[in-house]
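Asks: Everything in the sequence shown is counted per my numbering, starting at -14 for the first residue and increasing by one. Just so it is clear, CB atoms sit at the ideal spot from N, CA and C, and this is done for glycine as well.
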Amino acid sequence: MRIQSECKPVMEFLLSLRLFRNRTHQKRFDLNQKWKEEVGMSFSKEQLEYIDTDAFEQSLLYLDQHLLLSDVQPKGIMEFLQQIKSGQWPENHPRNPYSIQSGGKEIYEILRAWYDGYYHKIEARVTAGLWTQKQRADKIIDKYPLVQAVEHVTNGIYLEDIKSRTVILTPHYHWRPIVLYKDYEDVSYYAYSADDLVLFRETIAPYYLRVQQALSDERRLALLRLLVGTTKSFGEIHEEMGLAKSTVHHHIITLRAAGLVRVHSTYGKNDRYSYREEGMDAMTLRLQQFLHGGEQSL
């Protein structure tokens, strides 16, 4: 196995718009419905209707996957927008399952409205924060064996199948606390949360709060106890907890974000979960950093 640590600021721009148009599991993200209502003012009514179309979604996913898969990245968002405006579509990567299904003019107008009305206001801070996160990941990769390095950077993903695989790690902000991933036969992509980046109304980075928030629910405590000293599938957890699948999924995401659950990942197989004691140990260290003047944000 080998690891590549990357930073893709233009992809973050697309991820932010993808989160805006996302309509599922909205309560699981740090940026909530109020954020969507505020940033949605960047668009006209007609543009909002167009954003909700399947054609625009497919085109947006095509561009997002192209940036994920490509070794050649635009120098910046403005260069990327100019390529779209001029109709210079990036050549389709053979692994990209999506296709452009909208006109270049319409896509450009949406992306430009999103950039002018929202993203340019945060671009400098987000980009700087992502690069700082990438540099921290580089130090972890240099310090630990490969499997441990991936687990540290992703806060709990443990790769069971490491034979001849390439793992590409890149930080993201907008979809926090979710770890976004894409698996292929020989390469896995993980976009991990930049949890110490503070924007908008936060006064303390989520980095310092996730564990405490995760432990504030008795059902999550019961779930953790189920996972001590063993691994269980989602189905086994659902059966033993006796809760709705959506509720179990929400609790696992919350515990995952806190680093309290280890995800045992094997390509081609369903994930299994176990208790991750390192997440509990990290809480004490983080609180000490905060109380004694450690950095609260980037």
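DSSP three-state label for residue 119, please.
Replies: The answer is helix: DSSP assigns residue 119 an H, G or I state.
Asks: State the CB to CB distance for the pair residue 62 and residue 93, rounded to an integer number of angstroms; the pair is presumed to be in contact (CB under 8 Å).
Replies: Going by Cβ atoms, the distance from residue 62 to residue 93 rounds to 12 Å, so no, they are not a contact pair.
Asks: Start and end of the alpha helix (DSSP H) containing residue 230?
Replies: 230 to 242
Asks: Name the DSSP beta bridge partners of residue 48, please?
Replies: In the DSSP output, where bridge partners are listed per residue, residue 48 has none listed.
Asks: First and last residue of the beta strand (DSSP E) that includes residue 157?
Replies: Run containing residue 157: 151 to 157, per the beta strand (DSSP E) assignment.
Asks: In terms of residues, what are the limits of the alpha helix (DSSP H) holding residue 207?
Replies: Boundaries of the alpha helix (DSSP H) around residue 207: 203 to 212.
Asks: Tell me, please, which residues DSSP counts as bridged to residue 252.
Replies: According to DSSP, which records beta bridges pairwise, residue 252 is partnered with nothing at all.
Asks: Can you say whether residue 114 is buried or exposed, counting buried as having 16 or more other CB atoms within 10 angstroms of its CB?
Replies: buried
Asks: Using 7 Å as the threshold, is the C-beta distance between residue 276 and residue 261 below it?
Replies: Taking 7 Å as the Cβ cut-off, residue 276 and residue 261 do not qualify as a contacting pair.
Asks: How far does the beta strand (DSSP E) with residue 182 in it reach, from first residue to last?
Replies: From DSSP, residue 182 is part of no beta strand (DSSP E); its letter is neither H nor E.
Asks: When the distance is taken between beta carbons, is residue 249 closer than 7 Å to residue 4?
Replies: no
Asks: Using a 10 Å radius around the Cβ and a threshold of 16 neighbouring Cβ atoms, would you call residue 51 buried or exposed?
Replies: buried
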